[in-house]
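Visitor: Its first residue numbered 18, the sequence shown is counted upward by one per residue in this note's numbering. Backbone N, C-alpha and C define an ideal beta-carbon position, used for all residues, glycine too. Before anything else, here's the structure in question.
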Amino acid sequence: MKLCDMTIHELAMLLKAGEATSMEITKSVLDRIDEVEELIGAYVTVTRDEALEQANAADERIAIARKRGDFSGISPLTGIPLALKDNVCTKGTRTTCSSRMLADFVPPYDATVVGRLRDLGAVIVGKTNMDEFAMGSSTENSAFHVTRNPWDLERVPGGSSGGSAAAVAAGEAIGALGTDTGGSIRQPASFCGLVGMKPTYGRVSRYGVVAFSSSLDQVGPMTKDVRDCAIMLAAISGRDMRDATSSPEPVPDYSSLLEGSVEGLTVGVPAEFLHSGLDSGIRELMDGAIRMLQEAGLEVAEVSLPHFEHAIAVYYLISSAEASSNLARIDGVRYGYRAPDASGVQELIRRSRSEAFGPEVKRRIMLGTHALSSKHYEEHYVKALKARTLLIEDMNQAFNKCDCMICPTCPTVAFKIGEKPDDPVAVYLMDIYTTIVNLTGVPAVSVPCGALGGLPVGAQLIGKAFDEGTLLRIAYSLEKACAISDRRAPVAAADGRRGK
Ligand code: GLN
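Printed below as a string of structure tokens:
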């Protein structure tokens, strides 16, 4: 197995033992990019030279630690090549949101999460492709190019963090950050055979992350396994004075919580989730996952989320309303694409936005602006807020009976590229299991639990607010029970056979 196919925690051990250097690991990742990126299209920008410089710096840092015999300043992320979704601001490297609008936008500062990763000595390999402004579920809404699923090149990697998912699954990065407003970390993780977590709202700073829907957005890790997820989550979590919504709740050492016993914990199975016309193959895998958790010592309880069926409507109203407000600042005046030869400010703004936003973004802006207009505000937006409160009450009730819940991450496996071009609602419906999590603020993680027709399927575990520790512990026991032997996507596994 090549270095680029290994996990963060495996590589951290090699680095500490002096059996590999960050330079070797980074070159292995860059070689894989050279080899497969043309097929996969995971990246918008690859920061090759910076990555090599950062690898060098990490190696020096590790060498000094070794000389002193003191590794306390070395993190498991020191020297590890990571990718960032292209809506996370990087100082000096363009941050496009995969939109023509921001194709040339170079932020003057790093997002807090990026600063934290850099401080720990992580190596940033590049910025990954996404659905434009994170609106979508397939990465087909990118203004630049499609991204292909490393498990089957005819299929989408999911979205909107599809580039991050494809990069990690293909060995083009060891781990990645995504963002999740309604499922955009968990669904691509499920489609690409990865672990992906949306942390509790407020767990991770969003300073410097381009806002889509500010009451729902969170940044989170996309990794090859649960241990890597724990490592990345600990690195990015915690209070940030620059983000008033970030929580002062202390950040536990998530990695040390993985091994604890799950005996006596209860997993809730929401009755509504499994009854909603679910694909029989996915249903069987879910039943299997529930059995495995039971064998690991968890109690199983049926719980209910009675208003669950409204989550998609509520999500698309609230997220579009917030998006129409957030994206208003992108007008071609302060920044963004500017239409040439406009005769006045009104025309400049109108033409810049008409020419540079893609169709899905325009659809959301129109829906959101309509929902917020004075005539329709009560009927749409306020009603959606009320329904959101009911969903929060449902969630609280259900968590009186259990420590976590389980359901599919997505009702299907990865679909074919171009399969759903003219049917946005069909795509929205795929968010049935994920949006309720963002609306209620709780954390959830997608863990690979098997495959259908050679395509990965994820189980979603939903936890209590700020209890990512327990959630990861249960996820870890599920991962062990599933014992998937080779997690490499065919594109990565074929590496040796291609003779490189
Ligand atoms: N698929 C959802 C949407 O299109 C989720 C997006 C996200 O989480 N960023 O809005």
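According to DSSP, what are the bridge partners of D169?
Guide: N166.
Visitor: Drop a sphere of 10 angstroms on the beta-carbon of F88, count the other beta-carbons inside from all chains shown, and report buried for 16 or more, exposed for fewer.
Guide: The residue is exposed, with fewer than 16 neighbouring Cβ atoms inside 10 Å.
Visitor: Should I141 be labelled buried (16 or more other beta-carbon atoms within 10 Å of its own) or exposed?
Guide: So I141 counts as buried.
Visitor: Going by DSSP in three states, T487 sits in which element: helix, strand or coil?
Guide: Helix, per DSSP.
Visitor: At what residue ranges does the stretch 103 to 181 contain a whole run of the beta strand (DSSP E), taking only runs of 3 or more?
Guide: The qualifying runs are 140 to 145.
Visitor: Here's a check: name, in chain order, each residue in its chain whose Cβ is nearer than 6 Å to the Cβ of E316, leaving out the five neighbours to either side.
Guide: Closer than 6 Å at the Cβ level, and outside the excluded window around E316, lie T283.
Visitor: Which first and last residues belong to the alpha helix (DSSP H) in which Y218 is found?
Guide: From DSSP, Y218 is part of no alpha helix (DSSP H); its letter is neither H nor E.
Visitor: Please state whether DSSP places I409 in a helix, a strand or coil.
Guide: It is helical.
Visitor: Give the secondary structure of D197 by DSSP, where H, G and I count as helix, E and B as strand, and everything else as coil.
Guide: The answer is strand: DSSP assigns D197 an E or B state.
Visitor: May I ask you to check if the CB of A151 is nearer than 7 Å to at least one heavy atom of the ligand GLN?
Guide: Flag set: Cβ of A151 near the ligand GLN.
Visitor: Taking 7 Å as the cut-off, is the beta-carbon of G200 closer than that to any non-hydrogen atom of the ligand GLN?
Guide: G200: yes, Cβ under 7 Å from the ligand GLN.
Visitor: Please return the same chain residues whose Cβ sits closer than 6 Å to the Cβ of E289, not counting the five positions on each side in sequence.
Guide: Once the five neighbours on either side are set aside, the close Cβ partners of E289 are L322 and F325.
Visitor: With respect to 7 Å, is the separation between the Cβ of S154 and the closest non-hydrogen atom of the ligand GLN below this value?
Guide: Under cutoff, so the answer is yes.
Visitor: Taking V212 as the reference, give the member of A183, S273 and V350 with the closest Cα.
Guide: Ranking A183, S273 and V350 by Cα distance to V212 puts A183 first.
Visitor: Kindly indicate the opening and closing residues of the alpha helix (DSSP H) around S341.
Guide: Residues A328 to N343.
Visitor: Tell me the start and end of each unbroken beta strand (DSSP E) in the stretch 233 to 269 that is at least 3 residues and wholly inside, in chain order.
Guide: Qualifying beta strand (DSSP E) stretches, in chain order: 235 to 240.
Visitor: Find the nearest neighbour of M422 within the set Y398, E396 and S463, judged by alpha-carbon distance.
Guide: The residue with the shortest Cα to Cα distance from M422 is S463.
Visitor: At 3 residues or longer, what runs of the beta strand (DSSP E) sit wholly inside the stretch 21 to 63?
Guide: You should have 60 to 63.
Visitor: Which whole-angstrom value describes the C-beta separation of S154 and G138, a residue pair presumed to lie in contact below a C-beta threshold of 8 Å?
Guide: Incorrect: roughly 34 Å between the Cβ atoms, too far for contact.
Visitor: Measuring CA to CA, which of P465, L488 and A443 is closest to A500?
Guide: When each option's Cα is compared against that of A500, the closest is P465.
Visitor: In terms of residues, what are the limits of the alpha helix (DSSP H) holding T95?
Guide: First-last for T95: undefined, no H or E at that position.
Visitor: Within 10 angstroms of the Cβ of S278, are there 16 or more other Cβ atoms? Answer buried if so, exposed if not.
Guide: Under this definition S278 is an exposed residue.
Visitor: Would you list the one or two residues that DSSP bridges to P287?
Guide: Answer is V320.
Visitor: With a threshold of 8 Å, are at least 3 pairs of Cβ atoms found where one atom belongs to the stretch 433 to 445 and the other to the stretch 216 to 230?
Guide: No, because fewer than three Cβ pairs between the stretch 433 to 445 and the stretch 216 to 230 fall closer than 8 Å, the two stretches do not touch.
Visitor: Report the CB separation of E339 from S263 in whole angstroms; it is logged as a contact under 8 Å.
Guide: Not confirmed; about 18 Å, so no contact.
Visitor: Ordered along the chain, which non-local residues of its own chain (more than five positions away) have a Cβ less than 6 Å from that of C21?
Guide: If we look at C21 and ignore the five residues flanking it on each side, its Cβ neighbours are S45, V46, R49 and G188.
Visitor: Compare the beta carbon distance of V131 and L101 with 8 Å and say whether it is the shorter of the two.
Guide: Contact flag set, yes.
Visitor: Look up M18 in the DSSP assignment and say whether it is helix, strand or coil.
Guide: M18: coil per DSSP, three-state reduction.
Visitor: Let's test the definition: count the other Cβ atoms within 10 Å of the Cβ of M214 and tell me whether it reaches 16, buried, or not, exposed.
Guide: When all chains shown are included, M214 counts as buried.
Visitor: For C209, name the three-state secondary structure that DSSP assigns.
Guide: Looking at C209 - three-state DSSP - the assignment turns out to be helix.
Visitor: From Y352 to A74, what does the alpha carbon distance come to, in whole angstroms?
Guide: Cα to Cα, the separation comes out at about 34 Å.
Visitor: DSSP beta-bridge partners for Q477?
Guide: Bridge partners of Q477: C424 and S463.
Visitor: Taking the alpha carbon of T240 as the point to measure from, which residue in A228, L489 and P265 has its own alpha carbon closest?
Guide: Taking only the C-alpha atoms, the option nearest T240 is L489.
Visitor: Would you mind sorting Q311 into buried or exposed? The rule is 16 or more other CB atoms within 10 Å of its CB.
Guide: Flag for Q311 reads exposed.
Visitor: Under a Cβ-count criterion, where at least 16 other Cβ atoms within 10 Å of its own Cβ denotes burial, should A251 be classed as buried or exposed?
Guide: Counting Cβ neighbours within 10 Å, A251 comes out buried, since at least 16 surround it.
Visitor: According to DSSP, is K392 part of a helix, a strand, or is it coil?
Guide: In this structure, K392 counts as coil in the three-state DSSP scheme.
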